[in-house]
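Here it is in structure tokens:
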């Protein structure tokens with residue numbers, strides 16, 4: 005393998021407010037100069053807006069389970085109803101925290117339902133229905149607009165079981181290896197490596213988050229210098245990052 | 005807050021093999037040009053080597069608990085003994101996986117005890133005894149060698165409960181805010197932000213990992229452009245990233 009090169013993480017400035025039907029890939033391409041092999045990292049929020057995944061709280065009619073959990077957690081019943089509709093299983097509901105597995109198979113707080121950075125009050129954003137498909141579409145939009153082959157990571161900030169603070173992770177990706185598999189490779193001393201499977205797409209999401217600003221609306225960044233992890237084909241997507249249920253030791 | 009600037013992540017090439025007593029900060033300063041405000045991210049492994057935190061497997065005399073777990077997990081009893089000595093609690097021991105809480109309070113596989121990238125066979129590295137103190141010392145060494153004020157992150161790769169692959173996290177830091185606290189701040193629409201506490205030091209560790217190479221010996225990187233998170237004082241360290249036991253929903 006060749007020597008690792010320097011990485012650049014470049015915020016995409018001046019993006020417009022997104023609304024349903026807008027093309028995220030086209031807008032990003034119009035606001036920054038992209039090169040072949042760049043990774044475009046964008047926040048779930050703008051993808052959800054472009055895909056119309058915004059809901060009014062008043063659109064939800066809370067069922068009995070939502071009302072029960074809302075009382076337990078001190079949250080709005082309509083919000084809980086929307087979260088449950090996005091979930092296939094509730095893992096924890098205590099101390100004001102609701103942790104579920106989404107229909108995609110991601111374990112996170114509130115099924116990724118979020119009310120910040122939305123133009124209208126009393127609305128929330130849901131995660132994209134199929135974030136890997138979103139990433140593939142954004143990738144195709146960039147190719148159509150510029151002729152460049154980039155990779156795309158769609159990300160959201162997830163809490164962690166044993167660490168404080170949220171870290172950005174990939175919920176969708178295309179054109180990048182989500183996992184770098186070192187199993188069977190050897191270290192400089194010829195010994196088998198202990199760290200065997202590196203979550204590249206999650207680390208890209210985290211790196212991009214360092215140049216974003218959750219208040220001022222910098223929802224996308226370019227990560228340049230990761231060509232060794234990018235590919236012509238779309239690849240397995242971020243679904244490959246979900247731990248299979250039968251390997252889960254903490255449910 | 006000013007507009008986010010571009011970030012650069014620069015691998016530190018040509019570092020020597022570390023052994024006990026060597027100064028990590030001095031070596032990094034000698035192998036790259038550092039600027040005030042840079043963040044120096046380095047792998048736990050070189051810090052452990054410099055601090056003499058390497059053990060021969062033959063140094064451990066497995067007790068009954070180590071022998072029991074070794075049989076259960078199909079691992080070497082001496083290795084399990086060393087892991088237990090680094091742990092204050094075993095969280096899970098099944099399917100070949102041993103997850104413990106270290107004496108520092110980090111929850112990870114094998115208490116961070118690791119056998120890759122070590123010069124001698126039948127040895128393992130333990131995590132630094134006090135990784136925040138390690139980060140402070142490396143910071144002081146850089147200052148002594150160059151007069152520059154940098155921040156330092158000492159990192160290791162941890163698995164995650166519900167995601168495949170390992171991601172690099174901060175186990176020690178100095179001169180950088182481990183957490184960026186947005187509680188009470190507002191989004192561009194004046195609404196309170198949902199993502200309230202961002203694990204900056206973990207995201208720095210992840211970004212740095214993208215230019216490291218676990219096989220070829222690039223154990224350190226410089227992250228440039230994070231001046232807004234760095235500070236003159238050493239700050240709270242990565243101990244601030246541990247989730248307090250009484251907030252843990254998954255033990």
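Chains as they are written, first to last, in the numbering used here: chain A, 5 to 255; chain B, 5 to 255. Here a beta-carbon is modelled for each residue, glycine too, at the ideal position from N, C-alpha and C.
| Check | Outcome |
| --- | --- |
| Identify every run of the beta strand (DSSP E) within the stretch 5–80 of chain A, keeping only runs that are complete inside it and at least 3 residues long; order them along the chain. | 11–15, 43–47 and 58–60 |
| Residue 45 of chain B and residue 212 of chain B - do their beta-carbons sit closer together than 8 Å? | yes |
| By DSSP, does residue 119 of chain A sit in helix, in strand, or in coil? | coil |
| Where residue 5 of chain A and residue 203 of chain A are concerned, what is the direct C-alpha to C-alpha distance, given to the nearest angstrom? | For residue 5 of chain A, the predicted structure reports a pLDDT of 46, less than 50, and the residue's modelled location is therefore unreliable. The matter cannot be settled from this model. |
| Anything in chain B within Cβ reach of residue 22 of chain A, meaning under 7 Å, just list it in chain order. | Result: empty, since nearest Cβ-Cβ is about 12 Å, beyond 7 Å. |
| If you compare alpha carbons, which of A/174, A/32, A/114 and A/134 is closest to residue 80 of chain A? | A/114 |
| Assuming residue 182 of chain B and residue 245 of chain B make a contact with CB atoms under 8 Å, what is their CB distance in whole Å? | 5 Å |
| Quick one: measure Cβ to Cβ for residue 180 of chain B and residue 28 of chain B, integer angstroms, because I've assumed they're closer than 8 Å. | Rounded, the Cβ-Cβ distance is 17 Å, inconsistent with contact. |
| Straight-line CA distance for residue 98 of chain A to residue 252 of chain B? | 11 Å |
| Relative to the C-alpha of residue 156 of chain A, which candidate in A/166, A/132, A/88 and A/138 has its C-alpha closest? | A/138 |
| Along the chain, where does the beta strand (DSSP E) containing residue 160 of chain A start, and where does it finish? | 155–162 |
| Which residue wins for smallest C-alpha separation from residue 162 of chain B, given the options B/153, B/154 and B/175? | B/175 |
| Can you tell which of B/228, B/146, B/90 and B/56 has its C-alpha closest to the C-alpha of residue 70 of chain B? | B/90 |
| Mapping DSSP to helix, strand and coil, what is residue 89 of chain B? | helix |
| Checking the sheet assignment: what are the DSSP bridge partners for residue 106 of chain A? | A/91 |
| Name, in chain order, the residues that DSSP records as bridge partners for residue 97 of chain A. | A/102 |
| If we cut at 8 Å on Cβ distances, does residue 240 of chain A have a partner in chain B? | no |
| Any idea which residues DSSP pairs residue 127 of chain A with across the strands? | A/60 |
| How long is the line joining the alpha carbons of residue 104 of chain B and residue 128 of chain B, rounded to whole angstroms? | 17 Å |
| Could you check what DSSP says for residue 251 of chain B in three-state terms: helix, strand or coil? | helix |
| Going by the DSSP bridge assignment, what does residue 111 of chain B pair with across the sheet? | B/105 |
| Return yes when the Cβ of residue 254 of chain A is within less than 8 Å of the Cβ of residue 254 of chain B, no when it is not. | yes |
| Can you list, in chain order, the residues of its chain whose CB lies under 7 Å from that of residue 15 of chain A, leaving out five sequence neighbours each side? | 215, 216, 222 and 225 |
| Any C-beta of chain B within less than 8 Å: which residues of the stretch 162–174 of chain A qualify? | 164, 165, 166, 167, 168, 169, 170, 171, 172 and 173 |
| Is any beta-carbon of chain A found at less than 8 Å from that of residue 28 of chain B? | no |
| Please list, in chain order, the chain A residues whose beta carbon lies closer than 8 Å to that of residue 96 of chain B. | 253 and 254 |
| By the DSSP assignment, the alpha helix (DSSP H) with residue 145 of chain A in it spans what residues? | 135–150 |
| For residue 94 of chain B, tell me which candidate among B/40, B/83 and B/73 has the shortest Cα-Cα distance. | B/73 |
| Along chain B, in chain order, which residues have C-beta atoms closer than 7 Å to that of residue 31 of chain A? | None at all; the shortest Cβ gap to chain B is about 17 Å. |
| Do residue 146 of chain B and residue 159 of chain B have their beta-carbon atoms positioned less than 8 Å apart in this structure? | no |
| Nearest CA to the CA of residue 82 of chain A: which residue from A/201, A/119, A/232 and A/31? | A/119 |
| Rounded to a whole number of angstroms, what is the C-alpha to C-alpha distance between residue 200 of chain A and residue 58 of chain A? | 39 Å |
| Taking the alpha helix (DSSP H) that residue 208 of chain A falls in, what are its first and last residues? | 204–213 |
| Does the Cβ-Cβ distance between residue 126 of chain B and residue 60 of chain B come in under 8 Å? | yes |
| Within 8 Å (strictly less), CB to CB, does residue 202 of chain B reach chain A? | yes |
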